[in-house]
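Beneath this line is the structure, given in structure tokens, with notes to follow.
Number of protein chains: 2
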Amino acid sequence: MNYSQLFIPTLREIPADAVIASHRLMFRAGLLRKLSNGLFAYLPLGFRSFKKVENIIREEMDAIGALEIKPTVIVPGELWKESGRWDLFGDSLLRLKNRLNNDFVVSPTAEEAFTAIVRDELSSYRQLPLTLYQINTKFRDEIRPRYGVMRGREFVMKDAYSYHADEASLDETYQAMGRAYRRIFKRCGLTVIPVKADSGAMGGSGSEEFMVESEIGDNTLILCKDCDYAANVEKASCAADYALPEPESADSIMSIENAKAAAANTPPYEKIDTPDVKTIDDLCAFLKTEPKNFIKTLIYRAVNVELDLSGAPGCSKLERSKPSKDAPFVYTEAFFAAAIRGDLDINEVKLASLLKAGEVSLTCDADVIRLTNAPVGFAGPIGLTEIPVIIDKSVSAMNDAVTGALEKDLHYRHAAYGRDFTSWMIEDIRTVKAGDRCSLCGGELYIKTGNELGHIFKLGNKYTRSMNVTYLDENGKSQIPVMGCYGVGVDRTLASVIEEHHDEAGIIWPASVAPFHIIIVPIKYAGEVKNSADKLASELTKAGFEVLLDDRDERPGVKFNDADLTGIPWRVVIGEKGIAQKKVEIKHRRDKENRMIDLNKAVIELVKNIRDELDQLKK
Amino acid sequence: MNYSQLFIPTLREIPADAVIASHRLMFRAGLLRKLSNGLFAYLPLGFRSFKKVENIIREEMDAIGALEIKPTVIVPGELWKESGRWDLFGDSLLRLKNRLNNDFVVSPTAEEAFTAIVRDELSSYRQLPLTLYQINTKFRDEIRPRYGVMRGREFVMKDAYSYHADEASLDETYQAMGRAYRRIFKRCGLTVIPVKADSGAMGGSGSEEFMVESEIGDNTLILCKDCDYAANVEKASCAADYALPEPESADSIMSIENAKAAAANTPPYEKIDTPDVKTIDDLCAFLKTEPKNFIKTLIYRAVNVELDLSGAPGCSKLERSKPSKDAPFVYTEAFFAAAIRGDLDINEVKLASLLKAGEVSLTCDADVIRLTNAPVGFAGPIGLTEIPVIIDKSVSAMNDAVTGALEKDLHYRHAAYGRDFTSWMIEDIRTVKAGDRCSLCGGELYIKTGNELGHIFKLGNKYTRSMNVTYLDENGKSQIPVMGCYGVGVDRTLASVIEEHHDEAGIIWPASVAPFHIIIVPIKYAGEVKNSADKLASELTKAGFEVLLDDRDERPGVKFNDADLTGIPWRVVIGEKGIAQKKVEIKHRRDKENRMIDLNKAVIELVKNIRDELDQLKK
């Protein structure tokens, strides 16, 4: 294809709002333009690469037997009401009404549409498993879209949904998806960090995120220096930094009996005056000790709690309701105490997940006073009966601790877990930090920020149950199938390729997603140079490669700059002097130096190199 | 691909709301399901064919140098306000607001988005011509969606937009598009009727519609039995059925001078009593004459008239306004008289187009009385000065006619055009009917109903002007480019293929858009039959064809019915008896009878036949 016939408006200047490399380069290289905040148009060069990413995803989905379908982008609101997400999804769901006043959503994801289709056709276990996917437009009404297509409002996502008779079948598809995702990113030339939702130590995982490292990533990742442990900080766990007797060391919670035994030499707990002490630091100074000897207790307010609280302390009068007809029963509001060792922090996401709550946050001072009968700063697990107490595993190993006494200016000392207090729940609710130790190998953990490119997820029967999907099993009994969902953002994957493959001068495309494989730059597109350039372009095209021929009447410097900026992997320069000797210059975009080769060997050389790279990416 | 691994929910029963073959068969053959009224999901088999249509369109667009881009589906309302269509488009435009209260539209077409992109990048004539296209989701908020994807709310359209420095360049692209469209439909196996907007007699056309015949078509087409004249009734013209002296016969309007001369022997016009006469039929009976001797005059109300009326009779006090900031000036309301020979009918679409009016309709009785000073039924062109009079060409040849006298129960006779009255405008505003004669060859015209699959259109500078697009010409002078737009509905094209290619038993796919080329039906998928079926499938796949292997444990009758219903072009049946003699049955879906051929010749035979068909479609 001739450069002059394409539409590649490259820019010298950097768009003012472009703070990351991919955003900057997609604009500068003429791949992308902005229609309005968060809405972008791919120009011809950008869309060529976009379609290549799309196609790699399609091939890998087809290879594992997923079937491509095309529901609509605008989906009936009724379906979202059935699943309950019409009310629960939040404001990033773009809801709209048509002229007949019917409700619709612009799909941000498509569990409802797929499940509605499957529901109408599914009758027998013989139809299962079934995996369907689409590569289609999505919309998320971001308040503050930024970083170009990395966080736009409209984007394209491959989303797949699988339906199964049992967990084993779901797991099989889930594992196949995990492998397909690894191949997709490998083929795009991306280094991804697969992050399991649960700690590896817990065994089988129900969710895995595929992250790329990014300075502007939304996700904080906890990684191990010594093994491949990787987790989102929201769910990361770490090794306990205290020893427990066997067999308890494995899950690092002390049993009540062992805890009592461990406290055998601890004096009975007693109340002490701690006047004017407001923080743990104050308390440390006052008692001349360290934070790790304190039990820190915080009061949380949780909203839309799905967990059954009928047996929880202080919760007998709480009532459950449904936010919408088909949504599950929830407690609109509930309060909890959470206790952790004083040198550690509570992870609110872990806490919310434990409670199956919509949101969890520290409650206001008035509620703290009402619930603990004391000002802020004196909460503690001993004698706290108004609300359920959740304590972190770390507290189970504390047999001589300081903690609030539920009275102003008073603390307890010599408090021991098991002997002086227990809890409603004891779980891992700790925020893992850099320097903590890996739960798998004991290695040092460190932190990276990452962007999520893909996500695979076992949904169980959340949607199939709320949307009444059933099939008859081998015994003719009606059953609800289990479901998985699997997404990859196409735009974000493309932008991430540029993030990982660029330099000062521009993009450096991997061959698999490059808009063209080769750019031919005639120094002056005329005479013998033109003839050779045309012939070479035609031969390379016949060999199955995409060739961009820079036929513009521009200075060589301009052409070289545009070639570097647009990042076409191989550049062939044809000049008058060289061609007189039947020689051309070739150079990979990565390389600093070019080399002269015989014109009649150029096709073989380029074809070999590009095939090698494509094969390498596919391995 | 094995049938059991696909998701092909065929149906015996016909969906209740499916009145046309494509709707019925897309559901029955498991290609399509409904999400809600006007919103459909393509299932795997349907989407395979859908992508083939899409790809044929893409190849033909690329072949003429159009460049594919991808703007968003949700487009900023601002752009539509700039073009004026935010206000003018009507209720089928789905307008919406996001959480920040910004206006958006779900694109029904994309002149604005494309023009906004081009505007920002266009600087020099050297960048022109430029043709960009997308194949992307569109939405039209139909009040009464029906006929399946033939008239759905969400659909996929290929829409291209071209930008040019001059009309000659626009015409070149327009012609290339016309040829590309013919190839697209040919390759899909469709018989289209290209319909020029203007009559061929008028020379170069600014718009061409590609129609398929359809019982449920929205369009009434006027076709010639003897030549390839084809026009939408809204714009069709026909030969005059009266003789005029040279050179006037060519455009069939009599000059005033010649009209006066032709009335030389007509007595002076005179008022006659016509008591109790209400209709033309009454008048005919009363005067013992025929409708073709009357001048029928009707009073119309037109809204949003763009045509300059400053010099028109009775319009000097009309004021112009802008419905929105960037829209053109219009007269909100204006009244007109339209006169035509009594045996003919006025075409309101032609009239509206003449006046550049948003809408034209017969006005109410009160307005007729106010404007003609007479009750309904006595309007006529003589003495009518309150409003502009538009007369049809046919009236110019009338030199002894009867017409209303603008008084109750009175008519004129011996009225002659040119001598007794003229008009503000004389044009073709006649509705062409079956039996009229072709303006090109004199052949008999007949009527078909058709559905529009594609449309190519010269837009001029409508959008480039309102959206302020300019470039510098060779002399450094700022110019506004001219523009063309070109659309094809992908869903509608696919459905039309089925309309044209089906029988009682199901679809009969052309090879180019078939979801699979070959279906292999083993009578029982086991033993030697299975081995042969697998081997044949693998060889045909290697040869580059798509093979569906019916591996289901179903009765042969069920398999044959599904094969017929889904319409795969070639069927290969493998049974135990045949395979013992190394023979298989092959049959094209079109044929009634199958034939036995040697197993080892099956691949060659099928490959040859399919290649031949594909080549034929491409010719």
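Residue numbers (the working numbering), protein chains in the order written: chain A, 146 to 764; chain B, 146 to 764.
Glycine residues also receive a C-beta, built at the ideal position from the N, C-alpha and C atoms.
For clarity, every value in this text was computed on a predicted model and none was experimentally measured.
Return yes when the Cβ of A/T686 is within less than 8 Å of the Cβ of A/I153, no when it is not.
no
Taking A/V703 as the reference, give the member of A/S307, A/E464, A/N246 and A/I668 with the closest Cα.
Residue A/I668 is the option with its Cα nearest to A/V703.
In angstroms, rounded to a whole number, what distance separates the CA positions of A/G723 and A/N676?
Using only the alpha carbons, I get a separation of about 14 Å.
Straight-line CA distance for A/R328 to B/F259?
Distance between the alpha carbons of A/R328 and B/F259: 36 Å.
With 8 Å as the C-beta to C-beta threshold (strictly closer), list the residues of the segment 215-233 of chain A near chain B in chain order.
K215, P216, T217, V218, I219, V220, P221, E223 and L224
Under 9 Å from the C-beta of A/V251: neighbouring residues of chain B:
Within chain B, the residues V218, I219, L241 and V251 have their CB atoms less than 9 Å from the CB of A/V251, given in chain order.
With a CB to CB cut of under 7 Å and the five nearest residues on each side skipped, what residues in its chain are close to A/Y591?
L368, K370 and A579
What residue range is occupied by the uninterrupted alpha helix (DSSP H) comprising B/C630?
No alpha helix (DSSP H) holds B/C630; the beta strand (DSSP E) holding it covers V627 to G634.
Check for me: the alpha helix (DSSP H) holding A/D565 runs from which residue to which?
First-last for A/D565: undefined, no H or E at that position.
Under a Cβ-count criterion, where at least 16 other Cβ atoms within 10 Å of its own Cβ denotes burial, should B/F474 be classed as buried or exposed?
By the neighbour-count rule (16 or more Cβ atoms within 10 Å), B/F474 is not buried but exposed.
Any Cβ of chain A within less than 8 Å of the Cβ of B/Y278?
Cβ-Cβ to chain A under 8 Å: no for B/Y278.
The ligand MN and B/R486: does the residue's C-beta get closer than 7 Å to at least one heavy atom of that ligand?
Although the ligand MN was asked about, the structure shown includes no ligands whatsoever.
Given 8 Å, three or more beta-carbon pairs between the segment 419-435 of chain A and the segment 599-606 of chain A:
Verdict: no, contact absent.
Output needed in chain order: residues of the segment 571-605 of chain B with a Cβ under 8 Å from some Cβ in chain A.
Those residues of the segment 571-605 of chain B that come within reach of chain A (Cβ to Cβ, closer than 8 Å) do not exist; the list is empty.
Give the straight-line distance between the Cα atoms of B/M347 and A/W225, rounded to the nearest whole angstrom.
Its pLDDT being 34, under 50, B/M347 is placed unreliably in this model, and the value from its coordinates should be taken loosely. Distance between the alpha carbons of B/M347 and A/W225 is about 55 Å.
Residues of its chain near B/E393, where Cβ-Cβ distance is below 8 Å and the 5 sequence neighbours each way are ignored:
M399, S400 and N403
Following the continuous beta strand (DSSP E) through B/V534, name the residue where it begins and the one where it ends.
V534 to D537
Along the beta strand (DSSP E) that carries B/A715, what are the first and last residues, could you check?
Per the sequence presented here, residue 715 of chain B reads as Trp, with Ala not at that position. Unbroken beta strand (DSSP E) run through B/W715: W715 to I719.
Establish whether the CB of B/E266 and some CB of chain A are separated by less than 8 Å.
yes
Check for me: the beta strand (DSSP E) holding A/V251 runs from which residue to which?
D248 to V251
Closer than 7 Å at the beta carbon, the chain A residues around B/D286:
N243 and R244
I want to see whether chain A comes within less than 8 Å of B/Y319, judged by CB atoms only; does it?
no
Quick check on the DSSP output: the alpha helix (DSSP H) that includes A/H309 runs from which residue to which?
Bounds of any alpha helix (DSSP H) do not take in A/H309; it lies within the beta strand (DSSP E) bounded by E299 to H309.
Span separating the alpha-carbon of B/E649 from that of B/R169:
11 Å
Closest Cα partner of B/I719 within the set B/N739, B/R735 and B/R734
B/N739
Please name the residue or residues paired with B/Q624 in a DSSP beta bridge.
B/Y616
Endpoints, alpha helix (DSSP H) assigned at A/R203:
Start and end: P189 to A208.
Closer than 8 Å, CB to CB, is A/D134 near chain B or not?
What the structure shows of chain A is the stretch from 146 to 764, and residue 134 of chain A is not part of that stretch, so it cannot be assessed.
For B/S352, which of B/E360, B/C372 and B/K380 has the nearest alpha-carbon?
B/K380
Please tell me whether B/R154 has its Cβ less than 8 Å away from any Cβ of chain A.
The displayed chain sequence assigns Pro, not Arg, to residue 154 of chain B. Yes - at least one Cβ of chain A is within 8 Å of the one on B/P154.
List, in chain order, every chain A residue whose beta-carbon is nearer than 9 Å to that of B/Q150.
G210 and L212
Is there contact here, the segment 531-545 of chain A with the segment 374-391 of chain A, by at least three beta-carbon pairs under 8 Å?
yes
For A/I262, which residues in chain B fall below 8 Å Cβ to Cβ?
R178, L180, A186 and L188
Do the CB positions of B/L273 and B/Y631 come within less than 8 Å of each other?
no
Rounded to whole angstroms, how far is the Cβ of B/A502 from the Cβ of B/K416, which I believe are closer than 8 Å?
Separation of the CB atoms of B/A502 and B/K416 is rounded to 34 Å, and the pair is thereby denied contact status at 8 Å.
So is B/T442 buried or exposed if we call it buried at 16+ other beta carbons inside 10 Å?
buried
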